[in-house]
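Q: Chains as they are written, first to last, in my numbering: chain A, 157 to 360; chain B, 157 to 360.
Yeah, the Cβ is synthetic: ideal placement off N, Cα and C, and Gly gets one too.
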DNA sequence: ACTCCATATTTCCAATGTAAATTTTTTTGT
DNA sequence: ACAAAAAAATTTACATTGGAAATATGGAGT
């Protein structure tokens with residue numbers, strides 16, 4: 157048992173166990189699913205004992221917090237992909253939303269974790285930073301959409317919430333199998349499929 | 157131990173253990189949360205051994221399926237509350253959506269279970285029936301909204317998906333603490349807060 | 001009364017997360 | 001260079017959980 161563990165690495169000290177555990181967790185997550193994820197299986201994948209993570213994370217909850225943090229970072233990056241290629245307006249909105257949905261469909265288990273607040277520590281500084289970064293992308297493309305009329309009830313957050321709710325709800329319902337996209341080929345997702353006619357009006 | 161179990165009921169045979177377990181499960185769910193729910197605690201609450209449920213459900217998964225089924229039934233009922241009081245159109249749409257959100261906010265753990273497809277058997281006939289019933293209410297109020305223009309791309313389901321995505325995303329983000337409603341008093345939820353200007357046009 | 005059978009219990013097992021004590025390696029201070 | 005301290009990892013132990021198998025219980029029908 158001890159030999160088994162040691163044979164996969166040279167040193168008693170792993171060197172960078174912290175990031176190795178997060179990477180192993182990300183892999184296990186998509187392979188086994190969020191419900192079947194276990195601290196012991198993640199540790200075994202890295203080749204350390206199941207109590208080794210304790211030195212780097214506050215239990216399973218702490219490890220899940222770190223994994224979710226990486227998730228939000230990748231989420232933001234996926235939304236940003238292609239956003240700069242388009243001028244502000246509907247094109248950017250669609251690019252960001254497509255990124256949102258692409259990420260969710262390609263990393264469903266990670267996405268579920270990120271939006272299961274009870275599973276991790278929502279007050280963790282790193283997580284809050286990554287989460288805000290991700291939300292910031294949506295906020296950026298929501299700015300200027302014509303729902304955002306001055307004087308509309310609900311305050312300035314309304315447009316962001318509306319856009320977020322729409323794309324997040326669609327992602328969730330797709331992932332959970334409540335809605336099935338018709339598989340009409342390669343154009344992975346067109347925001348207009350679900351929200352056509354939601355116009356854009358540049359700020360005066 | 158045996159005496160402890162028996163003292164809470166007269167007979168060795170419970171009589172209606174199946175429904176008792178579902179009710180206990182619903183109670184435990186909101187008290188302890190979805191993540192902490194356990195078959196043993198549910199059985200203990202009813203006063204039977206932890207293997208007694210096996211005679212009525214196919215393991216924890218089966219029990220969760222039955223609980224989710226009741227959830228969808230109540231969900232549909234909550235949406236229907238007040239719908240008949242309004243004429244078809246925006247008023248009914250808002251009534252149904254308010255019901256959707258009211259249910260989600262008042263039964264957050266049950267709501268999470270209902271939309272965690274991996275936790276239960278989505279092919280169960282009773283569950284499918286209840287789930288369809290719930291979706292049918294939304295479908296009913298979506299019919300005739302002016303997003304549903306003839307010839308619009310995406311097919312006839314688009315309007316339903318859009319409405320569903322919007323209200324479901326908002327509910328999810330609220331429950332998971334990603335969005336915080338400002339607590340402006342009693343009017344629990346106003347659909348217009350998030351989706352003003354989404355017009356209604358009666359079928360010609 | 002007697003048998004059958006659904007229902008419930010007891011006992012056992014493997015997997016999991018956590019805590020405490022211990023061992024091994026690295027770093028630090030002189 | 002060397003001993004002490006700190007860091008990192010392991011071993012051991014334990015409570016919980018879901019499930020399987022064997023056993024006990026009591027009611028229904030004859």
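Measure the C-alpha to C-alpha separation of residue 327 of chain B and residue 231 of chain A and round it to an integer number of angstroms.
A: If I take the Cα positions, the gap works out to 21 Å.
Q: How would you label residue 211 of chain B, buried or exposed, when you count the other beta carbons within 10 angstroms and need 16 or more for buried?
A: When all chains shown are included, residue 211 of chain B counts as exposed.
Q: In whole angstroms, what is the alpha-carbon distance linking residue 294 of chain A and residue 226 of chain B?
A: Using only the alpha carbons, I get a separation of about 36 Å.
Q: Find the nearest neighbour of residue 361 of chain B within the set B:205, B:236 and B:278, judged by alpha-carbon distance.
A: Residue coverage of chain B in this structure runs from 157 to 360, which leaves residue 361 of chain B outside it and unanswerable.
Q: Of the residues that make up the region 172-201 of chain A, which ones have a beta carbon closer than 8 Å to any beta carbon in chain B?
A: The residues in question are 189, 190 and 191.
Q: How is residue 326 of chain A classed by DSSP in three states: helix, strand or coil?
A: Residue state, collapsed to three classes: helix.
Q: Starting from residue 332 of chain A, find everything on chain B with Cβ-Cβ shorter than 8 Å and list it in chain order.
A: The answer, in chain order, is 271, 272 and 273.
Q: Quick check on residue 237 of chain A: does DSSP put it in helix, strand or coil?
A: Note: residue 237 of chain A maps to coil in three-state DSSP.
Q: Can you tell me which of the three DSSP states residue 212 of chain B falls into?
A: The answer is coil: DSSP assigns residue 212 of chain B none of H, G, I, E or B.
Q: Closest by CA to residue 289 of chain B, which one among B:209, B:233, B:175 and B:190?
A: Checking every option, the nearest Cα to that of residue 289 of chain B belongs to B:233.
Q: Using a Cβ-Cβ distance under 7 Å, would residue 221 of chain B count as near chain A?
A: Taking Cβ atoms only, chain A never reaches closer than 7 Å to residue 221 of chain B, which makes this a no.
Q: On a Cα-Cα basis, can you pick out the residue from B:321, B:171, B:317 and B:196 that is closest to residue 181 of chain B?
A: The shortest C-alpha separation from residue 181 of chain B is found at B:196.
Q: Suppose you measure from the CA of residue 325 of chain A to the CA of residue 323 of chain B; what does that come to, to the nearest Å?
A: Each residue's Cα considered, the two are about 7 Å apart.
Q: Here's a check: name, in chain order, each residue in its chain whose Cβ is nearer than 8 Å to the Cβ of residue 331 of chain B, leaving out the five neighbours to either side.
A: Closer than 8 Å at Cβ, skipping near neighbours: 260, 261, 264, 267 and 268.
Q: Could you work out which residues of chain B lie near residue 231 of chain A, taking near to mean beta carbons separated by less than 8 Å?
A: The premise fails here: residue 231 of chain A is roughly 13 Å from chain B at the closest Cβ pair, so nothing lies under 8 Å.
Q: From this set, B:335, B:296 and B:239, which residue's C-alpha is nearest residue 319 of chain B's C-alpha?
A: Residue B:296 is the option with its Cα nearest to residue 319 of chain B.
Q: Judging by CA-CA distance, which residue of B:220, B:292 and B:258 is the nearest neighbour of residue 361 of chain B?
A: This structure cannot settle anything about residue 361 of chain B, because the visible part of chain B is limited to 157 through 360.
Q: Residue 198 of chain B lies in the alpha helix (DSSP H); which residues open and close that run?
A: Per DSSP, residue 198 of chain B belongs to the alpha helix (DSSP H) from 195-202.
Q: Residue 290 of chain A CB to nearest chain B CB: under 7 Å?
A: Residue 290 of chain A does not count as touching chain B.
Q: Any beta carbon from chain B within less than 7 Å of residue 256 of chain A's own beta carbon?
A: It does not: the Cβ of residue 256 of chain A has no partner Cβ on chain B nearer than 7 Å.
Q: Have a look at residue 186 of chain A and residue 193 of chain A and give me their C-alpha separation to the nearest angstrom.
A: C-alpha separation (whole angstroms): 9 Å.
Q: Please work out which residues of its chain come closer than 6 Å, Cβ to Cβ, to residue 238 of chain A, disregarding the five sequence neighbours upstream and downstream, and give them in chain order.
A: Same-chain partners within the cutoff: 251.
Q: Around the C-beta of residue 183 of chain B, are 16 or more other C-beta atoms found within 10 angstroms, so that it is buried, or is it exposed?
A: Its Cβ having fewer than 16 others within 10 Å, residue 183 of chain B is exposed.
Q: Using a Cβ cut-off of 7 Å (strictly closer), state whether residue 324 of chain B contacts chain A.
A: So, interface residue.
Q: Listing by chain order, which chain A residues have their CB less than 9 Å from the CB of residue 328 of chain B?
A: Residues of chain A passing the Cβ test: 271, 321, 324, 325 and 328.
Q: Determine the direct distance from the alpha carbon of residue 189 of chain B to that of residue 213 of chain A, and round the result to whole angstroms.
A: Going by the C-alpha atoms only, they are around 24 Å apart.
Q: Rounded to whole angstroms, what is the Cα-Cα separation between residue 209 of chain A and residue 283 of chain A?
A: Between residue 209 of chain A and residue 283 of chain A, the C-alpha separation is close to 19 Å.
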